[in-house]
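Note sheet for the following structure.
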Amino acid sequence: MAHGENQHDELALGWEEWLALPDLGLPALKAKIDTGARTSALHAFNIEPFGTASKPRVRFVIQPIPGRDDLEVICSADVIDRREVTSSNGESELRYVVRTNMQIGDHKRPIEITLTDRANMAYRMLLGRQALGDDIVVNPSESFVQPKLSYDLYKKSQRPDGAKRSLRIAILTREPDNYSTRRLIEEGESRDHVIETIDTSRCYMNIRTLAPEIHYDGKKLPHYDAVIPRIGASITAYGTAVVRQFETIGTYCVNGSEAITASRDKLYAHQLLARYKIGMPTTAFASSPKDTKNLVTLAGSTPLIVKLLESTQGKGVVLAETPKAAESVISAFRGLKADFLVQHFVKEAAGEDVRCMVIGGKVVSSIKRTAAAGEFRSNLHQGGSAAKVKITKEERETAVRAAKAMGLNFAGVDLLRSHDGPKVLEVNSSPGLEGMEKASKLNVAGKVYDHIEKSVRPTTARRKS
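Residue numbers for the sequence shown follow the working numbering, beginning at 16 and rising by one.
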């Protein structure tokens, strides 16, 4: 009886079979079954170690279809060893060894695989004796005994259940110790990702046609799966140039360089909002104009907001209660030779605005910010307070459309509640997490990583342009 059960449980293989490595995001590979080889080998190039000494990892790229170098899959795995392996032609090579699950038909088991460049081999994977076990019988005269798979599986856009991988993610920031950066690091590491902070201002670039590079502290930066830009307003021009370089080398950037530039240029941002017919307070722009009275008339009746184009966090923003006060403020700004805007003051907002956090085209949380007593600016940096708020369908749609108009995947959209619907005050490309998380009690950092994990799919073959 026991003998019959063993026969029933045995897995029969031919000398070549289709298999999957689901944890690596490889749903279909054609492998050679080689009982003469002890170790198994997987095709890999651009092999880069990362992680910590206590938890080393490796990131690599594979072209799963022989003869098709236009399709690439980026993989990462825990490293269990480095071994010297001697190939059939007698050459020795020190290889990374990873452990992952292999599936052939209905049979699934963990196996150890070495990583090596098999670009010139007919099979992207070689399955050695160590991976076969006592319950596998190989018939060298047969092929494809187990069910055949198809390379069409790489066309699927969605990750299969459980096929998550550890990502190497860079946060571009000059403030590694502030609340937002700390939360992004904590949340990323809790999901088993490797998070590295990079001071944007200390990056320098090698701009060339064939092999553009980014260097940092004297070394070339490695490949990252994703970059979270947290570019300060004072270094927008250089910061977006660094983001653009990451885009050039094919790294996924949560917010792209053009989107960040658009949101930071208040004139262009308002022009984009107007182009997409998104509600905003009546606004007039000027570069030190002489016709002050006409400018005030364009923006509507007083009180008016006069705001420097370079203003952030409520700084450089003045409320002018009367036409004479508006003219005085504008004259002062003119003396500074500063660009500014004049904006209709929405009285009915009563010192309150609504910030909507938009991630991946959805409002994930929203808060109402209320100005401190005697203050008209509701910014938390100016002493304002925040509370969770329920927004209307129109407000939700307006916030999503505003973020989309800028091209931002991660944005803080500030709305004023007026008599004739929501008005977009600003679209922020580096929104702070502290006020939003503490007031809403929601894990906003987690939503950022939900978006990154969905966008950096392990099973979607990347097409090289």
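Don't be surprised by glycine CBs; every beta carbon is placed ideally from N, CA and C.
All figures in this text were calculated on a predicted structure; none of them were measured in a lab.
What's the C-alpha gap between residue i and residue j?
i: N424; j: P296; result: 24 Å
i: M451; j: T115; result: 39 Å
i: N270; j: I243; result: 7 Å
i: L351; j: G331; result: 12 Å
i: V153; j: E31; result: 10 Å
i: L28; j: I119; result: 9 Å
i: P175; j: I128; result: Interpretation of P175 is limited by its pLDDT of 45, a score under 50 that renders its predicted location unreliable; no figure is taken from the coordinates.
i: F159; j: L34; result: 10 Å
i: H122; j: D85; result: 31 Å
i: G148; j: E201; result: 40 Å
i: S260; j: E412; result: Reading off the sequence shown, one finds Gln at residue 260, where the question assumed Ser. Looking at the two C-alpha atoms, the distance is approximately 32 Å.
i: D465; j: I382; result: 21 Å
i: K456; j: R370; result: 15 Å
i: R133; j: Y283; result: 50 Å
i: T474; j: E25; result: Per-residue confidence for T474 stands at a pLDDT of 39, beneath the threshold of 50, marking its modelled position as unreliable; no derived number is given.
i: S278; j: V100; result: 53 Å
i: D232; j: V459; result: 31 Å
i: E468; j: F360; result: 41 Å
i: T312; j: A301; result: 13 Å
i: D207; j: A289; result: 42 Å
i: A353; j: I345; result: 10 Å
i: L453; j: I186; result: In the sequence as presented, Leu is not what sits at residue 453; that position holds Lys. Looking at the two C-alpha atoms, the distance is approximately 22 Å.
i: K438; j: A314; result: 15 Å
i: A241; j: A59; result: 20 Å
i: S195; j: E449; result: 6 Å
i: L334; j: M220; result: 43 Å
i: N104; j: Q145; result: 20 Å
In the DSSP assignment, what are the bridge partners of residue i?
i: G427; result: M372 and N443
i: R72; result: F65 and D93
i: F60; result: V76
i: H122; result: I119
i: M451; result: According to DSSP, which records beta bridges pairwise, M451 is partnered with nothing at all.
i: S181; result: Paired residues: none, contrary to the question.
i: K403; result: I382
i: T266; result: Note: T266 sits in no beta bridge, so no partner.
i: P244; result: L187
i: P3; result: This structure leaves residue 3 out entirely; the chain is present only between 16 and 480.
i: A299; result: V357
Considering just the uninterrupted stretch of the alpha helix (DSSP H) at residue i, what are its terminal residues?
i: A274; result: S272 to R279
i: T115; result: Taken as a continuous stretch (DSSP letters only), T115 belongs to no alpha helix (DSSP H), being part of the beta strand (DSSP E) at S107 to I119.
i: H466; result: V459 to S470
i: R259; result: T251 to T263
i: E409; result: K408 to M421
i: A314; result: T307 to A314
i: I293; result: No alpha helix (DSSP H) holds I293; DSSP gives it neither H nor E.
i: T50; result: First-last for T50: undefined, no H or E at that position.
i: A134; result: A134 -> no alpha helix (DSSP H), and no H or E assigned at all.
For residue i, which of the options has the nearest alpha-carbon?
i: A365; options: A386, G376 and V378; result: A386
i: A340; options: E201, D49, T307 and Y253; result: T307
i: A92; options: R98, P71 and S103; result: P71
i: Q482; options: Q260, R197 and K322; result: For the chain, the structure presents residues 16 to 480; residue 482 sits outside this window and is missing.
i: M421; options: R432, L431 and S445; result: S445
i: T188; options: T215, D167, E202 and S165; result: T215
i: D49; options: L141, V415 and T263; result: L141
i: K377; options: G427, E106, R198 and A226; result: G427
i: G294; options: G233, P191, D429 and S316; result: D429
i: G447; options: K383, H466 and M372; result: M372
i: E87; options: N221, G233, H466 and Y169; result: Y169
i: R198; options: S470, K469, K462 and R110; result: K462
i: R324; options: H230, V73, A146 and K281; result: Reading the sequence as shown, one finds Leu at residue 324 and not Arg. The residue with the shortest Cα to Cα distance from L324 is K281.
i: L164; options: E25, T312 and L41; result: L41
i: S205; options: L182, F75 and Q161; result: L182
i: A248; options: I275, V257, I222 and R223; result: I275
i: D96; options: G105, V73, F360 and C90; result: V73
i: V299; options: F75, K292, L310 and R245; result: Checking the sequence, you will find Ala at residue 299 rather than Val. Of the candidates F75, K292, L310 and R245, the one whose C-alpha sits nearest the C-alpha of A299 is L310.
i: N443; options: H285, E190, M117 and E228; result: H285
i: A417; options: I264, T266 and I374; result: I374
i: I320; options: L440, V258, R432 and A56; result: L440
i: P155; options: G51, K235 and G315; result: G51
i: E336; options: R217, K362, V112 and H58; result: K362
i: T212; options: T317, D192 and E228; result: D192
i: S69; options: T131, V209, N104 and C268; result: V209
Which first and last residues belong to the beta strand (DSSP E) in which residue i is found?
i: I229; result: E228 to Y231
i: Y219; result: C218 to N221
i: R349; result: Run containing R349: none in the beta strand (DSSP E); it sits in the alpha helix (DSSP H), P338 to G350.
i: F355; result: D354 to H359
i: A27; result: L26 to L28
i: K482; result: This structure cannot settle anything about residue 482, because the visible part of the chain is limited to 16 through 480.
i: A35; result: E31 to L36
Mind checking whether the beta-carbon of residue i lies closer than 6 Å to any heavy atom of the ligand SAM?
i: D167; result: Although the ligand SAM was asked about, the structure shown includes no ligands whatsoever.
| request: Count the CB pairs spanning the region 400-408 and the region 244-262 that are closer than 8 Å, and state whether there are at least three. | output: Taking a cut-off of 8 Å for Cβ pairs, the region 400-408 and the region 244-262 do not touch, as fewer than three such pairs fall below it.
| said: With three or more beta-carbon pairs closer than 8 Å as the criterion, would you say the region 69-84 touches the region 30-45? | reply: Counting C-beta pairs closer than 8 Å gives three or more between the region 69-84 and the region 30-45, which meets the contact rule.
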